[in-house]
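Structure first, then comments.
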Amino acid sequence: MMCEADDDALGDTGQDDDPAFSALLEDSVEDLYEHAPCGYLSTLMDGTIAKINATLLDWLGYRGEDLVGRRRFADLLSVGGRIYHETHIAPTLSMHGEIGGLALELRASDGTRLPVMVTSVVKTGPDGTAQLIRTTIFDARDRRAYEQELLRARQESDRERERVQKLATTLQRSLLPPVLPVVPGMEVAAYYHPASTDAVGGDFYDLFPLAGGTWGFFLGDVSGKGAPAAAVTSLARYTLRAAAVSHRDPVAVLHVLNTVLNHEYHGIDPRFCTVLYGVLTPDADGCSLAMAGGGHPPAALLGADGSARFLELPGGQLVGALPDAHFAAVEVRLEPGDTVLLYSDGLTEARTRGRVRHSEEELLDFLDTVGPTTAPAVVAAVAALLAGFGEGVDDDTALLALSIPVSAEP
Amino acid sequence: MDVRGRNNVVSTGRDDGPTLLLAHGFGCDQNLWRLVVPALAERFRVVLFDHVGAGRSDLSAWSEEKYATLDGYASDVLDVCRELDLRDVVLVGHSVSAMIAVLAANRDPSRIAKLVLLTPSPCYVDDGDYRGGFSRADIDELLDSLDSNYLGWSAVMAPVIMGNPDRPELGTELTESFCRTDPAIARVFAQTTFLSDNRADLPAVGVPTLVVQCAQDAIAPPEVGRYVHERIPGSELVTLAATGHCPQLSAPEETAAAITAFVGSR
């Protein structure tokens with residue numbers, strides 16, 4: 003019944019009575035094959051052309067008898083395409099039975115190139131043996147021009163990316179001392195772990211000689227990343243170095259930096275940083291350390307007895323955020339075997355196992371297992387810890403360590 | 026270093042037979058040997074592997090420096106021999122791996138007893154009187170065609186390709202991963218393959234060698250196979266009736282028979 007209804011419905015259109023429409027429906031399969039809007043090609047398994055439609059012959063400027071039984075599909079390709087055909091397309095067809103989306107170039111009889119998109123399938127007989135390769139070929143001139151543009155754009159962006167990475171690396175290096183100086187009677191070590199090769203990070207550190215055999219050092223972290231952060235880092239570095247010359251008191255040095263940042267960045271674009279700044283005064287059997295902090299995670303002291311504790315600086319505020327910021331100070335004596343480790347929050351905020359952040363408590367637990375140690379050893383241990391976090395370290399991380407050798411020899 | 030994982034080493038066949046080590050060429054992976062392995066496995070211990078960068082090799086082991094020369098690949102082949110403690114190996118190299126096999130045999134003949142060079146070419150680019158079959162411009166065109174064919178390749182595919190560690194054994198269904206390669210790696214391998222010149226290494230081959238070529242091969246034409254045969258002292262030359270560059274696919278029986286006859290001889 004449904005069929006009748008369908009017939010009636012068709013009849014209602016009146017089209018099946020229209021001889022012109024019927025003629026269209028009876029479009030010969032042969033004509034559809036020969037004059038399809040794409041090229042058809044059938045080859046034997048060795049690639050010898052067995053059948054080719056008029057559309058493709060017309061594109062290529064050949065007659066059927068030029069090609070059928072005489073040439074192989076690969077003969078129609080450019081040389082580069084032929085190599086690709088032999089090393090990739092033919093093996094894939096043989097093993098996989100089909101391959102599609104191939105961008106190739108055909109060579110016409112007059113030598114011109116025709117960019118095409120090619121899809122091939124293997125026709126198998128009733129017993130499963132491969133008989134023929136059937137290939138459809140689409141004119142891809144417009145598409146290829148578009149792809150060339152895409153390819154060019156991608157190559158361009160690859161080059162730009164490399165350039166940006168190189169610039170970032172160079173800038174980063176310029177913000178850190180290339181090597182730490184040799185401090186008599188002490189061992190020193192530093193490490194920088196960039197979170198990204200694309201952007202300059204905001205962490206910085208330095209260690210430098212001051213008058214009277216004393217040494218200044220700092221480690222800090224500027225808010226933000228990239229070029230604006232790098233500008234603040236640069237300003238913070240030379241301000242700290244200059245202030246250290248004229249101010250003995252670490253708190254006073256941080257006040258100078260606070261004032262400079264306040265003057266430079268006010269209004270809608272405030273910039274601030276966290277810093278530990280300290281002065282080392284070596285003597286015959288150790289060293290005294292005076293340190294001030296503003297908003298920075300506390301340094302760790304790994305004692306000669308193997309214990310680890312933080313050198314807390316309670317109440318120290320961010321540097322550059324407020325005109326009258328408060329900074330805290332601490333003084334300790336370092337004996338042979340003692341090690342001080344400064345670090346940035348990339349370490350304590352690293353995500354371990356995907357979610358949980360590595361807290362300061364966990365860091366202290368870890369350092370408990372490391373001490374007693376030396377500056378190079380603790381930096382190596384923490385660097386290995388960071389490497390173990392892998393992708394979990396999403397911020398830059400700087401480490402600076404100072405230790406008094408047990409032998410007391412420099 | 027985990028050589029088995031790095032090169033996705035697979036062993037099959039008879040433990041008590043002579044050892045065949047099959048090295049695939051540019052463009053695919055060890056699956057290319059699929060049709061000849063059953064015949065060879067009846068008589069031999071057959072060891073297959075993927076070059077680093079191909080198939081299910083460990084992509085993290087790939088570096089442009091190492092694999093910009095065929096020597097890098099040759100040292101991997103010797104690594105596989107040492108790792109599996111293979112001795113008296115018959116090293117079968119297809120296409121570019123034929124020259125990799127020559128380099129490996131010249132470097133450590135103690136491991137490699139015989140060479141089978143399948144559709145070899147010591148130099149693809151014409152040079153003076155030497156006819157490799159291609160011009161430098163042809164090779165540049167190949168590199169361009171690789172670029173356009175990998176335009177749609179996405180890193181998203183990588184886990185799909187590399188993700189299945191318990192790889193189906195030879196003989197089971199192939200996945201979409203067949204012959205898929207990271208485009209950056211494919212480009213370097215193509216350059217290494219088609220721009221290397223190993224003609225000077227041929228006379229140094231000191232192990233019995235069989236050169237197998239196809240009657241019609243667009244990549245390594247018969248005169249190139251003859252050249253290899255003439256330069257390797259005492260080598261044998263077999264020309265298969267097969268067409269194409271991969272007789273292990275187009276004529277697996279003939280190819281397996283040629284290898285078997287050669288290994289059995291002498």
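Chains F and U, in that order, give the protein sequences.
Each residue of the first sequence is one higher than the one before, counting from 3 in the working numbering.
Each residue of the second sequence is one higher than the one before, counting from 26 in the working numbering.
Cβ atoms here follow ideal geometry from the backbone N, Cα and C, with glycine treated the same way.
Checklist entry - Which runs of the alpha helix (DSSP H) fall wholly inside the segment 295-363 of chain F and span at least 4 residues, in chain order? => result The segment 295-363 of chain F contains these whole alpha helix (DSSP H) runs: 347-350.
Next on the checklist: Just to make sure I have the definition right: I need the residues of chain F whose C-beta is within less than 7 Å of the C-beta of Arg-59/U. Which are they?
Outcome noted: Correct list: Met-97.
Checklist entry - Hey, would you say Leu-142/U sits closer than 8 Å to Gly-158/U, going by beta carbons? => result No Cβ-Cβ contact shorter than 8 Å links Leu-142/U with Gly-158/U.
Checklist entry - Whose CA, out of Pro-63/U, Ser-275/U, Leu-45/U, lies closest to the CA of Leu-111/U? => result Leu-45/U is the residue among Pro-63/U, Ser-275/U, Leu-45/U whose C-alpha sits nearest the C-alpha of Leu-111/U.
Checklist entry - Among Asp-96/U, Arg-136/U, Thr-94/U, Gly-50/U, which has the Cα closest to the Cα of Glu-108/U? => result Residue Arg-136/U is the option with its Cα nearest to Glu-108/U.
Checklist entry - Given a threshold of 16 other Cβ atoms within 10 Å of its Cβ, counted over all protein chains shown, does Phe-274/F qualify as buried or as exposed? => result Within a 10 Å sphere around the beta-carbon of Phe-274/F sit 16 or more other beta-carbons, which makes this residue buried.
Item to check | Endpoints, the alpha helix (DSSP H) within which Pro-259/U is located | outcome: Residue identity differs from the one stated: residue 259/U is Gly in this sequence, not Pro. Note, Gly-259/U: premise wrong, no alpha helix (DSSP H); not H, not E.
Checklist entry - Quick one: what's got a C-beta closer than 7 Å to Ala-323/F's C-beta in the same chain, skipping five residues either side? => result So the qualifying residues of the chain are Pro-272, Phe-274.
Next on the checklist: Measuring straight from C-alpha to C-alpha, what distance separates Val-102/U and Arg-224/U?
Outcome noted: Pairing Val-102/U with Arg-224/U, the inter-Cα distance amounts to about 20 Å.
Checklist entry - If you measure beta-carbon to beta-carbon, which residues of the segment 244-259 of chain U are closer than 7 Å to chain F? => result Per Cβ criterion, the list reads Ile-244.
Item to check | CB contact check: Cys-53/U to chain F, cutoff 8 Å | outcome: Yes, because at least one Cβ of chain F sits closer than 8 Å to the Cβ of Cys-53/U.
Item to check | Gly-348/F to Asp-398/F span [Cα, whole Å] | outcome: Approximately 5 Å between the Cα atoms of the pair.
Item to check | Secondary structure of Phe-422/F, DSSP reduced to three states | outcome: Any property of residue 422/F remains undetermined from this structure, which presents chain F solely from 3 to 412.
Checklist entry - Along chain F, in chain order, which residues have C-beta atoms closer than 8 Å to that of His-119/U? => result Within chain F, no residue has its CB atom less than 8 Å from the CB of His-119/U, the nearest being about 10 Å off.
Next on the checklist: Pop quiz: Glu-317/F and Gly-297/F are said to be a contact at Cβ under 8 Å. What is the actual Cβ separation, rounded to whole angstroms?
Outcome noted: For the record, residue 317/F in the displayed sequence is Gly; it is not Glu. Here Gly-317/F is actually not in contact with Gly-297/F; their C-beta atoms are around 10 Å apart, not less than 8 Å.
Next on the checklist: How far does the beta strand (DSSP E) with Ile-101/F in it extend, from its first residue to its last?
Outcome noted: Its beta strand (DSSP E) spans residues 100-109.
Next on the checklist: For Pro-211/F, report the span of its beta strand (DSSP E) as first-last.
Outcome noted: Here the beta strand (DSSP E) through Pro-211/F covers 205-211.
Item to check | Element boundaries [alpha helix (DSSP H), containing Trp-61/F] | outcome: For Trp-61/F, the uninterrupted alpha helix (DSSP H) run begins and ends at 56-62, by DSSP.
Item to check | Helix, strand or coil at Lys-91/U [DSSP, three-state] | outcome: Lys-91/U falls in the helix class under three-state DSSP.
Checklist entry - Shorter than 8 Å from the beta carbon of Cys-271/U to some beta carbon of chain F? => result Output row for Cys-271/U: interface = yes.
Checklist entry - Could you give the uninterrupted runs of the beta strand (DSSP E) lying entirely in the segment 59-108 of chain U, keeping only those of 3 residues or more? => result Unbroken beta strand (DSSP E) stretches of 3 residues or longer found wholly inside the segment 59-108 of chain U: 70-74, given in chain order.
Checklist entry - Should Ser-160/U go down as buried or exposed, given a rule of 16 or more other Cβ atoms within 10 Å for buried? => result Classification of Ser-160/U: exposed, given that the 10 Å Cβ count is below 16.
Next on the checklist: Does the CB of Glu-162/F have a neighbour CB from chain U at under 8 Å?
Outcome noted: Nearest CB-CB separation between Glu-162/F and chain U: not below the 8 Å threshold.
Checklist entry - the segment 40-54 of chain F: which residues have C-beta closer than 8 Å to a C-beta of chain U, in chain order? => result The residues in question are Met-47, Asp-48, Gly-49.
Next on the checklist: If I follow the unbroken alpha helix (DSSP H) through Glu-189/F, where does it start and stop?
Outcome noted: Note, Glu-189/F: premise wrong, no alpha helix (DSSP H); beta strand (DSSP E) at 189-195.
Checklist entry - Per DSSP, what kind of secondary structure is Pro-407/F in: helix, strand or coil? => result Correct three-state label for Pro-407/F: coil.
Item to check | DSSP state of Tyr-252/U mapped onto helix, strand, coil | outcome: Under the three-state reduction of DSSP output, Tyr-252/U falls in the helix class.
Checklist entry - So with Cβ pairs under 8 Å, would you call Gly-289/U a contact of chain F? => result It does not; no Cβ of chain F falls within 8 Å.
Next on the checklist: Let me confirm a value: Ile-270/F is counted as buried when at least 16 other C-beta atoms fall within 10 Å, else exposed. Which label applies?
Outcome noted: An exposed status is given to Ile-270/F, since fewer than 16 other beta-carbon atoms sit within 10 Å of its beta-carbon.
Checklist entry - Can you find a C-beta in chain U that's less than 8 Å from the C-beta of Ser-346/F? => result No - not a single Cβ of chain U is within 8 Å of the one on Ser-346/F.
Checklist entry - How would you list, in chain order, the residues of chain F whose beta-carbon sits under 9 Å from the beta-carbon of Thr-268/U? => result The answer, in chain order, is Asp-48, Gly-49, Thr-50, Arg-74.
Checklist entry - Which residues, taken in chain order from the segment 64-92 of chain F, show a beta carbon closer than 7 Å to some beta carbon of chain U? => result The residues in question are Ala-76, Ser-80, Val-81, Gly-82, Gly-83, Arg-84, Ile-85, Tyr-86, Glu-88, Thr-89, His-90, Ala-92.
Checklist entry - Taking 8 Å as the CB-CB limit, is Asn-223/U close to chain F? => result Answer no: the Cβ-Cβ gap between Asn-223/U and chain F never drops below 8 Å.
Checklist entry - Using a C-beta cutoff of 8 Å, does Leu-116/F count as contacting chain U? => result Output row for Leu-116/F: interface = no.
Item to check | Inter-residue Cα distance where the pair is Gly-30/U and Gly-80/U | outcome: Their Cα atoms are separated by approximately 12 Å.
Next on the checklist: Output needed for Phe-219/U: all residues of its chain with C-beta closer than 6 Å, excluding positions within five of it in sequence on either side, in chain order.
Outcome noted: Only Tyr-149, Ile-164 meet the Cβ criterion.
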